[in-house]
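Asker: Under our numbering, the sequence shown is numbered contiguously, ending at residue 476. All residues carry an ideal CB built from backbone N, CA and C; glycine is no exception. Okay, here's the structure, questions in a sec.
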Amino acid sequence: MVSSTESAGPPGAFTGLPGGVAVSHLSVYDWPAADGVCGGTPHMHLTCSEAYVVTAGRGAVQTLTTSGYEVTPLAPGTVAWFTPGTIHRLVNDTGLRITVLMQNSGLPEAGDAVLTLPPKYLTDPETYAAATVIPADAPVAEQERIARARRDLALEGYRVLRAEGPEALAEFHSSAAALVRPRLAEWRERWRRGARAAASVTGEQLDRLEQGDVSHLAEAVVRAEQPSARGKFGMCGRLEVYPAG
Numbered sequence: 232m233v234s235s236t237e238s239a240g241p242p243g244a245f246t247g248l249p250g251g252v253a254v255s256h257l258s259v260y261d262w263p264a265a266d267g268v269c270g271g272t273p274h275m276h277l278t279c280s281e282a283y284v285v286t287a288g289r290g291a292v293q294t295l296t297t298s299g300y301e302v303t304p305l306a307p308g309t310v311a312w313f314t315p316g317t318i319h320r321l322v323n324d325t326g327l328r329i330t331v332l333m334q335n336s337g338l339p340e341a342g343d344a345v346l347t348l349p350p351k352y353l354t355d356p357e358t359y360a361a362a363t364v365i366p367a368d369a370p371v372a373e374q375e376r377i378a379r380a381r382r383d384l385a386l387e388g389y390r391v392l393r394a395e396g397p398e399a400l401a402e403f404h405s406s407a408a409a410l411v412r413p414r415l416a417e418w419r420e421r422w423r424r425g426a427r428a429a430a431s432v433t434g435e436q437l438d439r440l441e442q443g444d445v446s447h448l449a450e451a452v453v454r455a456e457q458p459s460a461r462g463k464f465g466m467c468g469r470l471e472v473y474p475a476g
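Structure below.
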C-alpha cells in the first residue's frame with residue numbers, strides 16, 4: 232500500500248499521494264464460504280472512507296448499514312465507494328481484481344478496521360487480536376489457514392448482524408468503538424501528519440497565489456514506487472503492498 236503519512240521537503244510542500252490517501256492492489260479471495268459464496272472478510276472502518284476501482288473480473292460488494300443490506304455489482308470500470316460505518320463483504324464471482332483507494336492513509340494498518348466477529352471476540356483488544364492477527368513470520372500455508380479461519384469467523388458474526396437488524400448493529404458499533412479507543416491518540420497523529428497536512432498545504436498555496444507568490448511551483452517533485460511485497464494476506468484478498476510514502 233502506498234501511503235502518504237507526512238509532509239516532506241520545503242515548507243508548504245506535501246509529497247505524499249494526493250489528499251493523503253493510500254493505494255493498494257487487491258486480488259479478492261476465491262475461497263468458498265459456508266453459504267457457497269467466494270470472497271473476503273466482512274469488516275467495518277471507523278474513520279476511513281474506501282473506494283474500489285475494478286480492474287478485472289466480476290463480483291459484488293455486500294454492504295450493511297443502518298439503512299439496510301445492499302449488493303453493489305462490481306465489473307471492470309466500476310468505481311464504488313462507501314463511508315465509515317459501512318460493513319462490507321467483497322464477493323468474487325470470477326477473477327475479481329481491484330485498486331483500492333483508502334482515506335487517511337496509514338489508519339487501516341493502525342487498526343481502523345474491525346471484523347464482524349461474534350461478540351465474545353470483541354470484548355478487549357487482546358481477545359480480538361488472538362482471533363485476527365496473522366503472524367508475519369509464519370509459513371505461507373499457515374498464514375492462509377489463519378486468514379481463512381478469521382474470514383469464516385467474521386462471517387458468523389456478519390450473518391447474525393444481518394438477521395437481527397438495527398439493535399445488533401448498534402451493539403457492534405459500540406463494541407468496535409470501545410475496542411479501538413486505546414489507539415485514538417495514535418490515529419490522530421497519523422491524520423495530522425497525513426490528510427490534515429495535505430489539506431493545510433493546499434490552503435497555504437491558495438494564500439500564496441492570492442498574494443502573487445508562485446514560489447511553491449518551483450518546489451515541485453516527482454515520486455514513484457514499486458511494490459515492496461506481493462501476495463500479503465489482507466482482509467479481503469491478497470495484496471500488493473507498497474512502501475510508506
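Please tell me whether A291 and D383 are closer than 8 Å, where the distance is taken between their beta carbons.
Answerer: Working through the sequence shown from its first residue, we reach residue 291 at position 60. Working through the sequence shown from its first residue, we reach residue 383 at position 152. Against a cut-off of 8 Å, the Cβ pair of D383 and A291 comes out as no contact.
Asker: Which whole-angstrom value describes the C-beta separation of V254 and V331, a residue pair presumed to lie in contact below a C-beta threshold of 8 Å?
Answerer: The residue labelled residue 254 in the question sits at position 23 within the sequence shown. The residue labelled residue 331 in the question sits at position 100 within the sequence shown. About 7 Å; that satisfies the 8 Å criterion.
Asker: What's the C-alpha gap between M232 and A287?
Answerer: Counting from one through the sequence shown, the residue named residue 232 turns up at place 1. Counting from one through the sequence shown, the residue named residue 287 turns up at place 56. Because the pLDDT of M232 is 49, which lies under 50, any placement of that residue in the model is unreliable, and the number read from its coordinates should be weighed accordingly. Their Cα atoms are separated by approximately 19 Å.
Asker: Quick one: what does DSSP say Q442 is sitting in, helix, strand or coil?
Answerer: As a working note, residue 442 is residue 211 in the sequence shown. Three-state result, Q442: coil.
Asker: Residues in the same chain with beta-carbon distance under 6 Å from S238, minus the five sequence neighbours each way, listed in chain order, please.
Answerer: As a position in the sequence shown, residue 238 is number 7, starting the count at 1. Caution is warranted here: a pLDDT of 42 is assigned to S238, below 50, making its placement in the model unreliable, and no coordinate value can be reported.
Asker: What are the boundary residues of the alpha helix (DSSP H) that H404 is part of?
Answerer: Taking the sequence shown and counting its residues from 1, one reaches residue 404 at position 173. Unbroken alpha helix (DSSP H) run through H404: P397 to V411.
Asker: Which whole-angstrom value describes the C-beta separation of A385 and T325, a residue pair presumed to lie in contact below a C-beta threshold of 8 Å?
Answerer: Within the sequence shown, numbered from 1, the residue matching residue 385 stands at position 154. Within the sequence shown, numbered from 1, the residue matching residue 325 stands at position 94. Not confirmed; about 23 Å, so no contact.
Asker: Name the DSSP bridge partner or partners of V252?
Answerer: Taking the sequence shown and counting its residues from 1, one reaches residue 252 at position 21. Looking at the DSSP assignment, V252 forms no beta bridge with any residue, so it has no partner.
Asker: Is the number of C-beta pairs between the stretch 295-304 and the stretch 363-377 that are closer than 8 Å three or more?
Answerer: No, the stretch 295-304 is not in contact with the stretch 363-377.
Asker: Would you be able to state if there are at least three C-beta pairs under 8 Å between the stretch 348-363 and the stretch 307-326?
Answerer: Result no; under three Cβ-Cβ pairs closer than 8 Å.
Asker: If you reduce the DSSP assignment to three classes, tell me which class E456 lands in.
Answerer: Locating residue 456 in the sequence shown gives position 225, where the first residue counts as 1. Three-state result, E456: coil.
Asker: Rounded to a whole number of angstroms, what is the C-alpha to C-alpha distance between L321 and V445?
Answerer: If you number the sequence shown from 1, residue 321 lands on position 90. If you number the sequence shown from 1, residue 445 lands on position 214. About 45 Å.
Asker: So, with DSSP's three-state summary, where would you put A367?
Answerer: Looking up residue 367 in the sequence shown gives position 136. Three-state DSSP puts A367 in coil, outside helix and strand.
Asker: Got a sec, what are the start and stop residues for the alpha helix (DSSP H) W312 sits in?
Answerer: Within the sequence shown, residue 312 is the residue found at index 81, counting from 1. First-last for W312: V310 to F313, but that is the beta strand (DSSP E), not the alpha helix (DSSP H).
Asker: Could you tell me the alpha carbon to alpha carbon distance between A399 and I318, rounded to whole angstroms?
Answerer: Working through the sequence shown from its first residue, we reach residue 399 at position 168. Working through the sequence shown from its first residue, we reach residue 318 at position 87. Looking at the two C-alpha atoms, the distance is approximately 13 Å.
Asker: Does the distance from the CB of R439 to the CB of H447 come in under 8 Å?
Answerer: Start at 1 with the first residue of the sequence shown, and residue 439 comes out as number 208. Start at 1 with the first residue of the sequence shown, and residue 447 comes out as number 216. In contact: R439 and H447 (Cβ atoms closer than 8 Å).
Asker: Indicate the three-state DSSP secondary structure (helix, strand or coil) for H447 in the structure shown.
Answerer: Locating residue 447 in the sequence shown gives position 216, counting from the first residue. Helix at H447.
Asker: When we look at the beta-carbon of A460 and count the other beta-carbons within 10 Å, is it buried (16 or more) or exposed?
Answerer: Start at 1 with the first residue of the sequence shown, and residue 460 comes out as number 229. Under this definition A460 is an exposed residue.
Asker: Quick check: the Cα distance between E373 and I365, rounded to an integer number of angstroms?
Answerer: As a working mapping, residue 373 is identified with position 142 in the sequence shown. As a working mapping, residue 365 is identified with position 134 in the sequence shown. Roughly 9 Å between the two C-alpha positions.
Asker: By Cβ distance below 7 Å, which residues in the same chain neighbour G342 in space, the five residues on each side in sequence not counted?
Answerer: For the purposes of this step, residue 342 is taken as the residue at position 111 of the sequence shown. Closer than 7 Å at Cβ, skipping near neighbours: V411 and R414.
Asker: Compare the Cα-Cα distances from A367 to each of F464, R419 and G250 and report the closest residue.
Answerer: The count along the sequence shown starts at 1 and reaches residue 367 at position 136. It is F464 whose Cα lies nearest to the Cα of A367.
Asker: Assign A306 to one of three DSSP states: helix, strand, or coil.
Answerer: Counting from one through the sequence shown, the residue named residue 306 turns up at place 75. DSSP places A306 in coil when its eight states are reduced to three.
Asker: Who are the Cβ neighbours of R289 in its own chain at under 6 Å, not counting the five residues just before and after it?
Answerer: Against the sequence shown, residue 289 aligns to sequence position 58. Answer for R289: A306, D324 and T325, listed in chain order.
Asker: Would you mind reading off the limits of the beta strand (DSSP E) that contains L295?
Answerer: Working through the sequence shown from its first residue, we reach residue 295 at position 64. Run containing L295: E281 to T296, per the beta strand (DSSP E) assignment.
Asker: Can you give me the C-alpha to C-alpha distance between A401 and A451, rounded to a whole angstrom?
Answerer: Walking along the sequence shown from the start, residue 401 turns up at place 170. Walking along the sequence shown from the start, residue 451 turns up at place 220. Computed Cα separation, rounded: 47 Å.
Asker: For P397 and E456, I'd like the C-alpha separation in whole angstroms.
Answerer: Along the sequence shown, read from residue 1 onward, the residue named residue 397 stands at position 166. Along the sequence shown, read from residue 1 onward, the residue named residue 456 stands at position 225. The straight-line gap from Cα to Cα measures roughly 43 Å.
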